[in-house]
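Enquirer: Below is a structure I'd like to ask you about.
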Amino acid sequence: MMSFLRYFPKDSQGYMIYELYSFDNFFRLLLKHDFDYEGAISFVMAACSLSAVVFQERIHNKGYLNLFAKDALLPKQAAVKSRVIFDILDCCCKG
Numbered sequence: 015m016m017s018f019l020r021y022f023p024k025d026s027q028g029y030m031i032y033e034l035y036s037f038d039n040f041f042r043l044l045l046k047h048d049f050d051y052e053g054a055i056s057f058v059m060a061a062c063s064l065s066a067v068v069f070q071e072r073i074h075n076k077g078y079l080n081l082f083a084k085d086a087l088l089p090k091q092a093a094v095k096s097r098v099i100f101d102i103l104d105c106c107c108k109g
């Protein structure tokens, strides 16, 4: 059911969500996989490593309430995009 999670980058703190696009799609995928809004935000807060911008824009301001499951990318597409962002940031940080 939640096999798409295996594609998302994960560190010791949890799944990494760096920017709004990744957060939005991750949240929509949770909604699509039978989480309600409260359950999805609880999962994100418990299992994800978030950037400050994402926290402010979507969680603190309750912007996540405007996200809908029907708008989610295919799970593998969203996960692969998240992995590409992680790999780019990882390369930049090593230099």
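All you need for my numbering is the position in the sequence shown, starting with 1, plus 14. Backbone N, C-alpha and C define an ideal beta-carbon position, used for all residues, glycine too. All of these numbers come straight from a predicted model, not from anything done at the bench.
What is the residue span of the alpha helix (DSSP H) that Ile31 lies within?
Expert: Counting along the chain, Ile31 falls outside any alpha helix (DSSP H), though it belongs to the beta strand (DSSP E) covering Gly28 to Ile31.
Enquirer: Pull up the distance between the alpha-carbon of Pro23 and that of Val58, whole angstroms please.
Expert: Cα-Cα distance, rounded: 14 Å.
Enquirer: Using the C-alpha atoms, what's the distance from Cys107 back to Ala92?
Expert: Each residue's Cα considered, the two are about 23 Å apart.
Enquirer: Among Leu103, Tyr32 and Asp85, which has the Cα closest to the Cα of Leu43?
Expert: Closest by alpha carbon: Asp85.
Enquirer: Can you find the residues in the same chain that come closer than 8 Å, C-beta to C-beta, to Arg97, ignoring five residues on each side of it along the sequence?
Expert: Closer than 8 Å at the Cβ level, and outside the excluded window around Arg97, lie Tyr21, Phe22 and Pro23.
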